[in-house]
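Each remark here refers to the structure printed beneath this line.
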Amino acid sequence: MNERLETLKKARDRMIEDRDTHAKVLAAPFDRDNAERARNKFVELQTLIDALDRAIRAEHPVSA
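Using this note's numbering, the letters of the sequence shown map in sequence onto residues 136 to 199.
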């Protein structure tokens, strides 16, 4: 596995861990301020994870 791909996968794993932390806040009893911040961070992190997924797929070009 090349170094770039390994870096992307490590970054993705780290962002998933961060996202899980915010998901736990969203699953906890409702606290409006905390829930709003957690929701915004969750969406931001999920967008980043999706971008990392695309970058990872780009490292594996489809062969004909």
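Quick reminder that beta carbons are idealized off the backbone N, C-alpha and C, glycines included.
Keep in mind that this is a model prediction, so the values were computed, not measured.
- Fewer than three beta-carbon pairs drawn from the stretch 186-195 and the stretch 165-177 are found closer than 8 Å, and the two stretches are therefore not classed as touching.
- Apart from sequence neighbours up to five positions away, the residues of its chain that approach R154 with a beta-carbon distance below 7 Å are F177, L180, Q181 and I184, ordered along the chain.
- Cβ contact annotation for E194 (same chain, cutoff 8 Å, sequence separation greater than five): N137, R139, L140 and L143, in chain order.
- The C-beta separation of I191 from R147 comes to about 7 Å, placing the pair in contact by the 8 Å criterion.
- Taken through DSSP and simplified to helix, strand or coil, A163 comes out as coil.
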